[in-house]
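There are 2 protein chains.
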Amino acid sequence: MNSHLKEDTRFSGVLTPVIMPYNSDYSPDADRLIRQCKWMLSQSVGLAIFGTNSEGNSLSTDEKIELMDRLVDAGIDANKMMPGTGCCALTETVKLTAHAISLGCSGVLMLPPFFYKNVSDEGLYATYAEVIQRVGSSNLKIYLYHIPPVANVPISQDLIERLVRDYPSTVVGIKDSSGDWSNTKAMLERQWDDFRVFVGSEAFLLANMQNGGSGCISATANVNPAAIYELFANWQSEKADDLQAELNEVRNTFSKFPLIPALKQCVAHYAEDPDWARLRPPLLSLSSSQNADLIEKLKLLDFKMPGLKANSRATK
Amino acid sequence: MNSHLKEDTRFSGVLTPVIMPYNSDYSPDADRLIRQCKWMLSQSVGLAIFGTNSEGNSLSTDEKIELMDRLVDAGIDANKMMPGTGCCALTETVKLTAHAISLGCSGVLMLPPFFYKNVSDEGLYATYAEVIQRVGSSNLKIYLYHIPPVANVPISQDLIERLVRDYPSTVVGIKDSSGDWSNTKAMLERQWDDFRVFVGSEAFLLANMQNGGSGCISATANVNPAAIYELFANWQSEKADDLQAELNEVRNTFSKFPLIPALKQCVAHYAEDPDWARLRPPLLSLSSSQNADLIEKLKLLDFKMPGLKANSRATK
């Protein structure tokens, strides 16, 4: 049923940076992650594990490798996985990326090295080219990750142009988390051959589909997967504007809170599984008043997470 | 002769983020690094290895651990080392820090986790507290690393106040690379007990010493160590202003170029060792015209690196 996630080995559709559950000692909780991934797939949402909203950059390379192994061992289809593998150090990016590809992941979402700022396009090109050469696999499909509000290292249209020209079967798409529709639109207008443009927020999903984009990779799909997928599947229908408006209402509610703790609190509440609310420092959980406020706002929207609790219990 | 670097187990004086030599495959060149560290120590400059200007964040945790081992095995005094150990992931920061302390390093320079932005002081406090508890050694001495222009995650005075209060024998100093003298001065005025304030540029060295600071940790000390140390040793003398003015002239020359490649090009030139000019992507070497321009400007200053070439040859 998830065949929409791949066409010609390239992703399209809805993916989410799966939120990361932690044990009380802040170690990753692989069992809860496996359950959540299975639920996401049941909702037709692909797995962009280790994204920004997965606290992916708060995990070590070794922790990420072990989690990928655990997911695949648990029967999660690697075809549905697009792990975040871009690190500050070239050697760590290569290690993570090579491991993901060896497991059969259909793609990786690759941040530029993000510590040094004002890096030249030439230097970013050299990084991606070096990673591609070292991984050395025709199965490698890179989705660039443009998220200037967090990484503070943008991926310019000129850099994409050069990478797509030199590595047309490897650099196959981008997640645009700039929040700037004009940037997304400019990429779509370039019409690079079969280049997959994902928006980083479902607020732009309809616009993206109407302009030739491929879907969205959105944190809110952790909590509102079915509705986001419904818009993706029906973007050409008459009800598309209404579906988009409903998605926006939910997203606007979450945007009133720190996003990652709010997503986790929401899952903790609707799964009746309070351990979900834990974050690894430097990120922290919502305060109890924020928590109450969030749940109240969601109730006003008649928000639900059908199937979540049953999934959580069935596979415990 | 380097006893100035430690008093009561806390650093003072001049340290440098030692530039990182690479082999042609971009692997770290431990032998060249050992030679350079020995030369730095001969110039009375301590070793803030894996700093920003060491391309420390372009190395993996495993690479940094191996390099620390190689330096200590080569007889470099761990008492003179203040490795950079702050990573995005708590578990990597703990691993690197514990290793540095197990080798006998007198301190570590610790970036806050720098991927997520607009993190609360509470979240940064939780990170440092967790690292301190996990490393669990009374030998751990943390120098906080405030470098908002690069990390984009500042360390506030309130955060320092709280850490110093709760961990007075562990959180013992800071490197202020804000480039904002008013920030440095505000810290000095707090007069935390024996708290060591280092400026990140020798341009503020005299002012820092005159206001109760402990020295500088400066990238330019890779190329101009003796002169920077001379000001540190003579900051109360009549010639201090002249010494500061001379330092500024050299620093201003380097500031006309991308700093890390310029430092490496300078060492490559004066050591007659062209392999020093290599950087790991995303950073790149100077262009040949920038290179020629840099060397010409240094010649106009009658700039020299006495002893560098002999050190490079003697220990090859």
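The listed protein sequences correspond, in order, to chains A and B. Be aware that the first sequence starts at 5, since it is given in the working numbering, and climbs by one per residue. Be aware that the second sequence starts at 5, since it is given in the working numbering, and climbs by one per residue. Beta carbons: idealized from backbone N, C-alpha and C, even for Gly.
Measure the alpha-carbon distance for residue i versus residue j and round it to whole angstroms.
{"i": "Ser7/B", "j": "Ile164/B", "result": "In this predicted model, Ser7/B has a pLDDT of only 43, less than 50, meaning its place in the structure is not dependable; the value taken from the coordinates is given anyway. Answer to the nearest angstrom: the Cα atoms are 27 Å apart."}
{"i": "Ser58/B", "j": "Pro21/B", "result": "5 Å"}
{"i": "Lys10/B", "j": "Met86/B", "result": "Low local confidence applies: a pLDDT of 44 at Lys10/B is under 50, so the model's placement there is unreliable, and no value is given."}
{"i": "Asp125/A", "j": "Glu242/A", "result": "42 Å"}
{"i": "Asp246/B", "j": "Met213/B", "result": "15 Å"}
{"i": "Val98/B", "j": "Ala130/B", "result": "13 Å"}
{"i": "Ile264/B", "j": "Pro278/A", "result": "48 Å"}
{"i": "Met5/A", "j": "Lys308/A", "result": "With a pLDDT of 38 at Met5/A, under the threshold of 50, the modelled position of that residue is not reliable, and the figure given next carries that caveat. Spanning the two alpha carbons is a distance of roughly 23 Å."}
{"i": "Met24/A", "j": "Pro32/A", "result": "7 Å"}
{"i": "Leu288/A", "j": "Gly127/B", "result": "6 Å"}
{"i": "Leu167/A", "j": "Ser46/A", "result": "34 Å"}
{"i": "Tyr132/B", "j": "Pro116/B", "result": "8 Å"}
{"i": "Tyr26/B", "j": "Thr13/B", "result": "32 Å"}
{"i": "Ser316/B", "j": "Leu267/B", "result": "16 Å"}
{"i": "Ala93/A", "j": "Lys68/A", "result": "15 Å"}
{"i": "Ser205/B", "j": "Pro229/B", "result": "13 Å"}
{"i": "Asp198/A", "j": "Gln137/A", "result": "22 Å"}
{"i": "Val139/A", "j": "Lys189/A", "result": "31 Å"}
{"i": "Ala104/A", "j": "Glu234/B", "result": "52 Å"}
{"i": "Val175/A", "j": "Cys41/B", "result": "41 Å"}
{"i": "Val112/A", "j": "Thr95/A", "result": "16 Å"}
{"i": "Asp297/A", "j": "Thr224/A", "result": "18 Å"}
{"i": "Arg282/A", "j": "Ser28/A", "result": "8 Å"}
{"i": "His150/B", "j": "Leu19/B", "result": "16 Å"}
{"i": "Ala34/B", "j": "Leu71/B", "result": "6 Å"}
{"i": "Gln372/B", "j": "Ala231/A", "result": "Nothing in the structure corresponds to residue 372/B, since chain B is present only between 5 and 320."}
{"i": "Trp119/A", "j": "Asp184/B", "result": "Just to set this straight, residue 119/A is Phe in the shown sequence, not Trp. Near 21 Å, if we compare the C-alpha coordinates of Asp184/B and Phe119/A."}
{"i": "Ile3/B", "j": "Ala275/A", "result": "Past the boundaries of the shown model lies residue 3/B; chain B is included only from 5 to 320, so the question cannot be answered."}
{"i": "Ala237/A", "j": "Gly177/A", "result": "20 Å"}
{"i": "Ser62/A", "j": "Ile80/B", "result": "32 Å"}
{"i": "Ala102/B", "j": "Ser16/B", "result": "22 Å"}
{"i": "Ser186/A", "j": "Arg194/A", "result": "13 Å"}
{"i": "Leu313/B", "j": "Trp43/B", "result": "The sequence shown places Lys at residue 313/B, rather than the Leu named in the question. Whole-angstrom Cα-Cα distance: 10 Å."}
Which two residues bound the contiguous alpha helix (DSSP H) that contains residue i?
{"i": "Val139/B", "result": "125-139"}
{"i": "Arg74/A", "result": "65-77"}
{"i": "Met191/B", "result": "185-194"}
{"i": "Arg200/A", "result": "No alpha helix (DSSP H) holds Arg200/A; the beta strand (DSSP E) holding it covers 200-203."}
{"i": "Met213/B", "result": "209-214"}
{"i": "Leu100/A", "result": "94-106"}
{"i": "Leu163/A", "result": "161-170"}
{"i": "Leu144/B", "result": "No alpha helix (DSSP H) holds Leu144/B; DSSP gives it neither H nor E."}
{"i": "Cys270/A", "result": "263-274"}
{"i": "Leu235/B", "result": "229-237"}
{"i": "Ile299/B", "result": "292-304"}
Run down chain B in chain order and give the residues with a C-beta less than 9 Å from the C-beta of residue i.
{"i": "Ala211/A", "result": "Ordered by position in chain B, no residue passes the 9 Å Cβ test against Ala211/A, which lies about 26 Å from the chain."}
{"i": "Tyr30/A", "result": "Leu94, Thr95, Glu134"}
{"i": "Pro265/A", "result": "In chain order: nothing, as chain B lies at least about 10 Å away."}
{"i": "Pro158/A", "result": "The contacting residues do not exist; Pro158/A stays about 13 Å from chain B at best."}
{"i": "Pro116/A", "result": "Pro286"}
Output the boundary residues of the beta strand (DSSP E) element that contains residue i.
{"i": "Phe118/A", "result": "Phe118/A -> no beta strand (DSSP E), and no H or E assigned at all."}
{"i": "Val176/A", "result": "175-180"}
{"i": "Cys41/B", "result": "No beta strand (DSSP E) holds Cys41/B; the alpha helix (DSSP H) holding it covers 34-46."}
{"i": "Thr20/A", "result": "17-20"}
{"i": "Val112/B", "result": "112-114"}
{"i": "Ile221/B", "result": "219-221"}
Whose Cβ in chain B lies nearer than 7 Å to the Cβ of residue i?
{"i": "Leu51/A", "result": "Result: empty, since nearest Cβ-Cβ is about 20 Å, beyond 7 Å."}
{"i": "Glu165/A", "result": "What Glu165/A touches in chain B: nothing, since even the nearest Cβ is about 18 Å away."}
By the criterion of Cβ-Cβ separation under 8 Å, what are the contact partners of residue i in chain B?
{"i": "Leu287/A", "result": "Tyr120, Val123, Gly127"}
{"i": "Glu70/A", "result": "Ordered by position in chain B, no residue passes the 8 Å Cβ test against Glu70/A, which lies about 11 Å from the chain."}
{"i": "Val154/A", "result": "Phe119, Tyr120, Lys121"}
{"i": "Glu250/A", "result": "Neighbours of Glu250/A on chain B: none; closest Cβ ~29 Å, over 8 Å."}
Using a cut-off of 7 Å between C-beta atoms, extract the partners of residue i located in chain A.
{"i": "Arg284/B", "result": "Leu94"}
{"i": "Thr131/B", "result": "Pro285, Pro286"}
{"i": "Arg25/B", "result": "Arg is not the amino acid found at residue 25/B; the sequence shown has Pro there. Those within 7 Å of Pro25/B in chain A number zero; the least Cβ separation is about 16 Å."}
Between residue i and residue j, which are expected to be in contact by the criterion C-beta below 8 Å, what is the C-beta distance as a whole number of angstroms?
{"i": "Pro286/B", "j": "Val123/A", "result": "5 Å"}
{"i": "Gln248/A", "j": "Leu210/A", "result": "4 Å"}
{"i": "Gly55/B", "j": "Gly88/B", "result": "5 Å"}
{"i": "Val227/B", "j": "Val271/B", "result": "6 Å"}
What does residue i reach in chain A if we use C-beta pairs closer than 9 Å?
{"i": "Pro21/B", "result": "Within 9 Å Cβ-Cβ: nothing; Pro21/B doesn't reach chain A, min ~13 Å."}
Practice task
Select from the stretch 181-205 of chain B all residues with a C-beta closer than 9 Å to any C-beta belonging to chain A, and list them in chain order.
Solution key: none
Exercise for the section: May I ask you to list, following chain order, the residues of the stretch 40-65 of chain B that have a beta carbon less than 9 Å from some beta carbon of chain A? Expected result: Thr56, Glu59, Gly60, Asn61, Ser62, Leu63, Ser64, Thr65
Exercise for the section: Identify each residue in the stretch 299-310 of chain B for which the Cβ-Cβ distance to at least one residue of chain A is less than 7 Å, and report them in chain order. Expected result: none
Handout entry: Residues, ordered as in the chain, of the stretch 233-249 of chain A that lie near chain B by beta-carbon distance below 8 Å
Key = So the list is empty, because no residue satisfies the distance condition.
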